[in-house]
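Residue numbers for the sequence shown follow numbering that gives the first Met the number 0, so the first one is 0 and each next one is one higher. Backbone N, C-alpha and C fix where the C-beta goes; we use that ideal spot for every residue, glycine too. The model shown is predicted, which means the values in this text are computed figures rather than measured ones.
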Amino acid sequence: MKEFKNIREKLDRLEKTYRSMTDGGKTASYIPELADVNPRLFSISATSVGGESFSSGDSDTLFSMQSISKVVSLAFALERFGAERVFKKVGMEPCAEPFNSIMKLEISSNIPLNPFINSGAITVASLIAEDLGGDAIDAVLEFASLCAGRRPENKLSVNEKIRESEASTADRNWALAYFMHSTGALTHTVKDSLDLYFSMCSIEANTVDLSFIGATIANGGLSASGVRVISLDTVYILIGLMSTCGLYNGSGEFAVRVGLPAKSGVCGGILCTVPGRMGISVFSPPLDERGNSVAGVKALGALSREMKLRGL
Ligand code: GLU
Numbered sequence: 000m001k002e003f004k005n006i007r008e009k010l011d012r013l014e015k016t017y018r019s020m021t022d023g024g025k026t027a028s029y030i031p032e033l034a035d036v037n038p039r040l041f042s043i044s045a046t047s048v049g050g051e052s053f054s055s056g057d058s059d060t061l062f063s064m065q066s067i068s069k070v071v072s073l074a075f076a077l078e079r080f081g082a083e084r085v086f087k088k089v090g091m092e093p094c095a096e097p098f099n100s101i102m103k104l105e106i107s108s109n110i111p112l113n114p115f116i117n118s119g120a121i122t123v124a125s126l127i128a129e130d131l132g133g134d135a136i137d138a139v140l141e142f143a144s145l146c147a148g149r150r151p152e153n154k155l156s157v158n159e160k161i162r163e164s165e166a167s168t169a170d171r172n173w174a175l176a177y178f179m180h181s182t183g184a185l186t187h188t189v190k191d192s193l194d195l196y197f198s199m200c201s202i203e204a205n206t207v208d209l210s211f212i213g214a215t216i217a218n219g220g221l222s223a224s225g226v227r228v229i230s231l232d233t234v235y236i237l238i239g240l241m242s243t244c245g246l247y248n249g250s251g252e253f254a255v256r257v258g259l260p261a262k263s264g265v266c267g268g269i270l271c272t273v274p275g276r277m278g279i280s281v282f283s284p285p286l287d288e289r290g291n292s293v294a295g296v297k298a299l300g301a302l303s304r305e306m307k308l309r310g311l
């Protein structure tokens, strides 16, 4: 692919420049397992819609997807239940409050603003858990693995230690879920909804996997091997929501600085899609005050400009 000319050199340069440019950012401290991650880790991967993939840095390092899994769970739910049913449970508007805020739920509307904040992702998890019961996480892992181009014998899996760490320090998510249960926004049981939500946040992947997921979205839902994994209607919804809501309450600034549909997680990862062209993922654990990877946003901004990923 012509635009992948010199890509290795570009990614190597970004790794050297941005690995330590974390501006005093901090790893997520509210989940003990995440607080202990080496803040010096850095990796960046780019995968073309045709499946050519290049990486620099610690691209073998697995990390829990955290909120990046919200892209996968939303896509899974849209494919399974259709947009009408999903958007009865969750809105499609950006949120100016932090990702785990409870405030908007009480003052503005009964349903969460969008599927990429915790309350919205919990309602999406609840739909899936209600439908699939104990099989839900395996079905989501299967789907995520297909999107990531993993072989059947090498599927993505849940890191149980992180899952437990997360479940034991999740007062805020329990509060959100109980609140939504009390208003009728969440109809399935709080426990089963959150069990699935925590498992999905704890799915482990590396930047190579996430760049393949980005490439599948960029390719209109076809995986690199040409298999339809996501419908085009779902892809349009993902692109719309990633563009407007993907970086929590930092989505506006990211749109200005990077200008690409993306989703971040408190793991320090970011999954990015360049429609028609490629998927990109970056990982650097130190976060800014909104929960986005400091070096990750900078590196993506530089790559977006250098490769004219906005088309200009
Ligand atoms: N598991 C995290 C939580 O629910 C996900 C948050 C995130 O990555 O934004 O708190």
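Are residue i and residue j touching if we call contact CB-CB under 8 Å?
| i | j | result |
| --- | --- | --- |
| L126 | A76 | yes |
| K262 | F53 | no |
| G245 | V234 | no |
| A174 | L155 | no |
| L61 | A204 | yes |
| T168 | Y17 | no |
| I269 | V281 | yes |
| L195 | A135 | yes |
| G267 | P285 | yes |
| E32 | I161 | yes |
| E2 | M306 | yes |
| D287 | G56 | no |
Bridge partners of residue i, per DSSP?
| i | result |
| --- | --- |
| I269 | S263 and V281 |
| T46 | S52 and G278 |
| E203 | S63 and S156 |
Sort the options by Cα distance to residue i and report the nearest one.
| i | options | result |
| --- | --- | --- |
| G264 | T243, G275, P274 and S283 | S283 |
| V85 | V273, G56, A120 and S66 | A120 |
| S100 | R289, G310, S303 and G295 | R289 |
| L73 | L240, R256 and D170 | L240 |
| L193 | N205, E203 and E163 | E163 |
| T122 | V70, G56, S222 and A176 | A176 |
| G124 | H187, P285 and R304 | Looking at the sequence itself, residue 124 is Ala, so the reference to Gly does not match. Minimum Cα distance to A124 is reached at H187. |
| G275 | I202, L221 and N172 | L221 |
| S242 | R309, A223 and S230 | R309 |
| M64 | T182, K25, V157 and L311 | V157 |
| V226 | G50, L209, V257 and G24 | G50 |
Hey, is residue i close to the ligand GLU, as in C-beta under 7 Å from one of its heavy atoms?
| i | result |
| --- | --- |
| E165 | yes |
| V265 | yes |
| C341 | The requested residue 341 does not occur in the structure, where the chain is confined to residues 0 to 311. |
| G183 | no |
| C200 | yes |
| G239 | no |
| S42 | no |
| G119 | no |
| S315 | For the chain, the structure presents residues 0 to 311; residue 315 sits outside this window and is missing. |
| N172 | yes |
| G290 | yes |
| N99 | yes |
Who are the near neighbours of residue i in its chain, counting only those whose CB is closer than 6 Å to its CB and skipping five residues on each side?
| i | result |
| --- | --- |
| G272 | Going by the sequence as given, residue 272 is Thr instead of Gly. Answer for T272: G213, I216, A217, P260 and G278, listed in chain order. |
| V48 | A214, A217 and N218 |
| G249 | R289 and N291 |
| G148 | F211, S222 and A223 |
Please work out which residues of its chain come closer than 7 Å, Cβ to Cβ, to residue i, disregarding the five sequence neighbours upstream and downstream, and give them in chain order.
| i | result |
| --- | --- |
| I207 | Sequence check: residue 207 is Val here, not Ile. Correct list, in chain order: S44, S52, S54 and S58. |
| K69 | P114, F115, A120 and K262 |
| A166 | F197 |
| V89 | I110, P111, N113, P114, G119, T122 and V123 |
Between residue i and the rest of its own chain, which residues show a CB-CB distance below 8 Å, the 5 nearest in sequence each way excluded?
| i | result |
| --- | --- |
| G251 | P93 |
| M179 | L104, P111, S118, I121, T122 and L185 |
| D130 | R79 and F80 |
| T21 | P38, S283, P285, V293 and A294 |
| V228 | F142, L145, C146, T215, G220, L221 and S222 |
| E159 | S201 |
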